[in-house]
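Written out below as structure tokens is the structure these notes cover.
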Amino acid sequence: MDDTELLSEHVISEPFDPSPLMPGVSKGFENDFNLTSSRQQREQTDTDLSVPFPTNGKETSTKENNVAKIKVVVRKRPLNKKELARKEDDVVTVYDNALTVHEPKLKVDLTAYVEKHEFCFDAVLDEHVTNDEVYRVTVEPIIPTIFQRTKATCFAYGQTGSGKTFTMQPLPLRAAEDLVRLLHQPVYRNQRFKLWLSFFEIYGGKLFDLLSERKKLCMREDGRQQVCIVGLQEFEVSDVQIVKEFIEKGNASRSTGSTGANEESSRSHAILQLAVKKHSEVKDSRRNNDVNDYRSGKVVGKISFIDLAGSERALAIAIKLPLWHCRVNWVHQSVEYPVHMLRNALILRIEGAEINKSLLALKECIRALDNDQIHIPFRGSKLTEVLRDSFVGNSRTVMISCISPNAGSCEHTLNTLRYADRVKSLSKSGNARKDQAASSLLPTNKDASSTSSLPVSVDVDDVYQQQEVKVMGRRVVEKETSSYNPTTVDYNKQPSSFPSGFSLNEREENGLSSGMADRERFEGSSSFGSLASQKVNSSYTQHSADTEEKVPKVSPPRRKISREEKSEKNGNWLKKDGSGSDPPTTNSKQQNTGNYSASNTGSRQYEPDPPVGNINAILEEEEALIAAHRKEIEDTMEIVREEMKLLAEVEQPGSLIDNYVTQLSFVLSRKAAGLVSLQARLARFQHRLREQEILNRKRVPR
Ligand SMILES: Nc1ncnc2c1ncn2[C@@H]1O[C@H](COP(=O)(O)OP(=O)(O)OP(=O)(O)O)[C@@H](O)[C@H]1O
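So for the sequence shown, full-length UniProt numbering puts the first residue at 1; every next one is plus one.
So, in structure tokens, the structure goes:
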């Protein structure tokens, strides 16, 4: 049995565990997933609450307007067996529609502390929430809008093993169930509305039909800029049982692989579409389910379910991996690589780059969509191109961010939440919602779980949009920085794409120098803490011995510091050492003494050396900085070692290797140069200290 599976006590309430549609476990589908009973259950609930599903067009239309254009929901999975065996802590606390991540951290002096990160979303679902409840909160409110020319998209986002597939797979079934039920309403039956299903995946930028033996598909745009996927098989479905069979079939054809966190990891984006079409006449051939002809019916509305590939697959593995086997000669600043390792890493890099590109593009489209922008950047990736018609006109989007609760996944969890937060907060409605007291307006999880019918969910959205109350401050840094310079922030803080524990190279990969980080670190206490996401920095800037503290992450705008400010800051920095009351020395040698110090990246800048009186304190700080720098490199190597296991299955690509080697060589030599410069700086301070001691001895009267 997959040891990432969860203990039974965690899944007792979960009707879909193990994920019934997971390839390889599909046999258990029949037993595990009792559609009939589920339907009966729902009908029962609906009757109980006397708020039945909308049954006529008018009612549906009213509801449609109340459904939020973008809804961001977070789902936390329970700790799995492996994590429990390792006695990993659950670092995510869910309350109402908000959650707190307690990130364990270490200071330079190895004191442990916890950094809290708070987020709030449209809904936050904890580990006890069932897939049925997820459906009710996310997709159910959208279903009636499909009959009103709405193109809806529901996608799951998160690191590998966080429960995306587990969450997404039952949703189309539930949706199909409701759609079929609505189709049987006289108002739609009379108009010859029918439900059609297609299922395909995007892997490495290419499209494959999952219901037609992975036939390669191509995408074309017609004269009206409508995207058509040429050759995609579409099947008319009138029964949920048929939908179930198609989904099973499609899932069995998906590209999966094994990752450290998930035995059966998705390496592609899987897209299942349910389209409601209006037919003028019924052709015999269609009854055989072998015709895929969009022209046979006019699309009324559509819902796409997207199970995205793990968000961290990207550069993480590809960049870190070769570091493990490379040998860095610190003195000569040269790096040697084992080429076969790089070859393996390269294929993951290409795979990851495509995933990254599409996740970024998806976010951009959602943002543009919610801001009612005329230009939607759907050409950013294959994924968004394919979903083009879901981004124009009347559309609805639900993003389900899946997170793992264990301490080991903390960085990925934070990255996922930041991505979700940006999707929400950068949008027009998200900004409005920032000012609302969400906790008082949205239902609690318990509320959500009791929200068994559409109108309740709709009301929540409604209230959410109308009221304006002050909201709790959270993640101020992200918001403030983004309002200062959104472009920079977008790339700088693109968390989904980059490896954890490799912050320095993340910046380099983005073409951003980490020199600023080093500058801030060296230049003054006022800028301390502004780069809380960087391990070295954050640990370096924590001076409180509290075991748990809340870090107000307010980042000052980045700008060039003037010479005066710089010298002023230098003064502050000296004061920090406890000798700030001493007036600056007038010794011209000391004033002029300075040097071009290198940042970690090797970028050089003028750093005036401090007065000798403070050198002892500075030496300590320098040593700590070097220790932290070394630790960062070691940590990176450690992560790489773990991810080595992933490479076993990778084929060997034969091209692009040289470019990759050059790129890595550059990154590593800059890192090495940074360390060498820090060591040189330390030596220089030591030398000056010795000089000072000799001088003092000479001055002592005999
Ligand atoms: N909320 C949950 N309750 C119970 N079990 C869960 C939950 N979420 C995930 N799981 C279990 O965790 C494991 C990993 O989940 P899943 O395959 O859905 O992850 P994923 O995010 O799709 O990973 P990948 O990106 O690698 O495909 C599965 O065994 C699944 O049954």
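No residue lacks a Cβ here, since even glycine has one placed at the ideal position from N, Cα and C.
SER404 in three-state terms, based on DSSP
Per DSSP, reduced to three states, the secondary structure at SER404 is coil, with no helix or strand assignment.
Delimiting residues of the beta strand (DSSP E) encompassing GLU236
Segment 235 to 237, the beta strand (DSSP E) holding GLU236.
Which residues bound the alpha helix (DSSP H) around LYS302?
No alpha helix (DSSP H) contains LYS302, which is instead part of the beta strand (DSSP E) from 298 to 307.
Does the contact criterion of 3 or more C-beta pairs under 8 Å hold for the stretch 362 to 372 versus the stretch 392 to 400?
Contact between the stretch 362 to 372 and the stretch 392 to 400 is present, because at least three Cβ pairs lie under 8 Å.
Hey, could you find the ends of the alpha helix (DSSP H) GLN241 is sitting in?
Counting along the chain, the alpha helix (DSSP H) containing GLN241 begins and ends at 240 to 252.
Is the stretch 173 to 180 in contact with the stretch 138 to 157, if contact means three or more CB pairs nearer than 8 Å?
Contact check between the stretch 173 to 180 and the stretch 138 to 157: three or more CB pairs, one atom from each, fall below 8 Å, which counts as touching.
With distances taken from CA atoms, which of GLY158, GLN159, TYR157 and ILE142 is nearest LYS151?
Among GLY158, GLN159, TYR157 and ILE142, the Cα nearest to that of LYS151 belongs to ILE142.
Per DSSP, PHE685 is paired with what?
Partner(s): none; PHE685 has no beta bridge.
Would you say the beta carbon of residue 715 is closer than 7 Å to some non-hydrogen atom of ligand 1?
The structure shown does not extend to residue 715, since the chain is modelled only from 1 through 702, so no value can be given for it.
Buried or exposed: which applies to ASP421, given that a residue is buried once 16 or more other Cβ atoms fall within 10 Å of its Cβ?
Its Cβ being crowded by 16 or more others within 10 Å, ASP421 is buried.
Taking the straight line between their C-alpha atoms, what separation do you get for SER304 and ASP209?
One C-alpha to the other measures close to 15 Å.
Is the number of C-beta pairs between the stretch 220 to 229 and the stretch 190 to 197 that are closer than 8 Å three or more?
No, the stretch 220 to 229 is not in contact with the stretch 190 to 197.
Whether VAL276 touches LEU179 by CB criterion (8 Å)
Cβ atoms of VAL276 and LEU179: closer than 8 Å.
Buried or exposed: where does ARG136 fall if 16 or more other Cβ atoms within 10 Å of its Cβ makes it buried?
By the Cβ-count criterion, ARG136 is buried, with 16 or more other Cβ atoms from all chains shown falling within 10 Å of its own Cβ.
Quick check on GLU691: does DSSP put it in helix, strand or coil?
Reduced to three states, the DSSP call for GLU691 is helix.
Would you say the stretch 115 to 124 touches the stretch 158 to 165, given that touching needs at least three Cβ pairs under 8 Å?
Not touching, per the Cβ criterion.
I want to know whether the stretch 399 to 416 touches the stretch 377 to 386 - three or more CB-CB distances under 8 Å.
Segments in contact, no.
Consider the C-beta atom of CYS402 and the heavy atoms of ligand 1; say whether any pair is separated by less than 7 Å.
Short note on CYS402: C-beta closer than 7 Å to some heavy atom of ligand 1.
Going by alpha carbons, who is nearest to LEU211 out of PHE200, ARG220, LEU217 and MET219?
Measuring from the Cα of LEU211, the nearest candidate turns out to be PHE200.
Taking its Cβ as the centre, do 16 or more other Cβ atoms sit within 10 Å of SER280, making it buried, or is it exposed?
Answer is exposed; the Cβ neighbour count stays below 16.
Close-in-space but distant-in-sequence residues of the same chain around ILE376 (CB under 7 Å, 5 per side omitted):
In chain order, CYS365, ALA368, LEU369, PHE391 and VAL392 place their CB closer than 7 Å to the CB of ILE376, counting only its own chain and leaving out the 5 sequence neighbours on each side.
Residue range of the beta strand (DSSP E) that ARG220 falls in?
Note, ARG220: beta strand (DSSP E), 215 to 221.
Measuring only from the beta carbon, is GLU127 closer than 7 Å to any heavy atom that is part of ligand 1?
Within the cutoff, so yes.
Please return the same chain residues whose Cβ sits closer than 6 Å to the Cβ of LEU678, not counting the five positions on each side in sequence.
These residues qualify, in order along the chain: ILE626.
Looking at GLU622 and ARG681, is the spacing between their C-beta atoms short of 8 Å?
Going by C-beta atoms, ARG681 is nearer than 8 Å to GLU622.
If contacts are defined as beta-carbon pairs under 8 Å, then LYS424 and VAL72 qualify, I think. What distance do you get, rounded to the angstrom?
About 4 Å separates the CB atoms of LYS424 and VAL72; that is less than 8 Å, so the two are in contact.
Close beta carbons around LEU79, own chain, < 7 Å, minus the five adjacent residues each side
For LEU79, where only same-chain residues beyond five positions count, the Cβ hits under 7 Å are GLU88, ASP90, PRO405 and ASN406.
Integer Cβ distance of TRP196 from GLU236, believed to fall under 8 Å:
Yes, TRP196 and GLU236 are in contact; Cβ-Cβ is about 5 Å, under 8 Å.
How about LEU182 and CYS154: are their beta carbons less than 8 Å apart?
Result no, Cβ atoms of LEU182 and CYS154 do not sit closer than 8 Å.
Output needed for ALA432: all residues of its chain with C-beta closer than 6 Å, excluding positions within five of it in sequence on either side, in chain order.
The pLDDT assigned to ALA432 is 41, lower than 50, so where the model puts this residue is not dependable; a value taken from the coordinates is nonetheless given after this. Closer than 6 Å at the Cβ level, and outside the excluded window around ALA432, lies no residue.
Between which two residues does the beta strand (DSSP E) holding LYS81 run?
Counting along the chain, LYS81 falls outside any beta strand (DSSP E), though it belongs to the alpha helix (DSSP H) covering 81 to 85.
Under a three-way DSSP split, which group does ASP126 fall into?
If DSSP states are grouped into helix, strand and coil, ASP126 belongs with coil.
Can you round the beta-carbon distance between LYS76 and ASP126 to whole angstroms, since I take them to be within the 8 Å contact cut?
About 5 Å separates the beta carbon of LYS76 from that of ASP126, a gap short enough to meet the 8 Å contact definition.
With a threshold of 8 Å between beta-carbons, can ALA252 be considered close to chain B, or not?
This model lacks chain B altogether; it includes just one protein chain.
Quick one: grab the DSSP three-state call for ALA698.
First, the residue type needs correcting, since residue 698 is Lys and not Ala in the sequence shown. LYS698: helix per DSSP, three-state reduction.
For LEU106, which of helix, strand or coil comes out of DSSP?
Three-state result, LEU106: strand.
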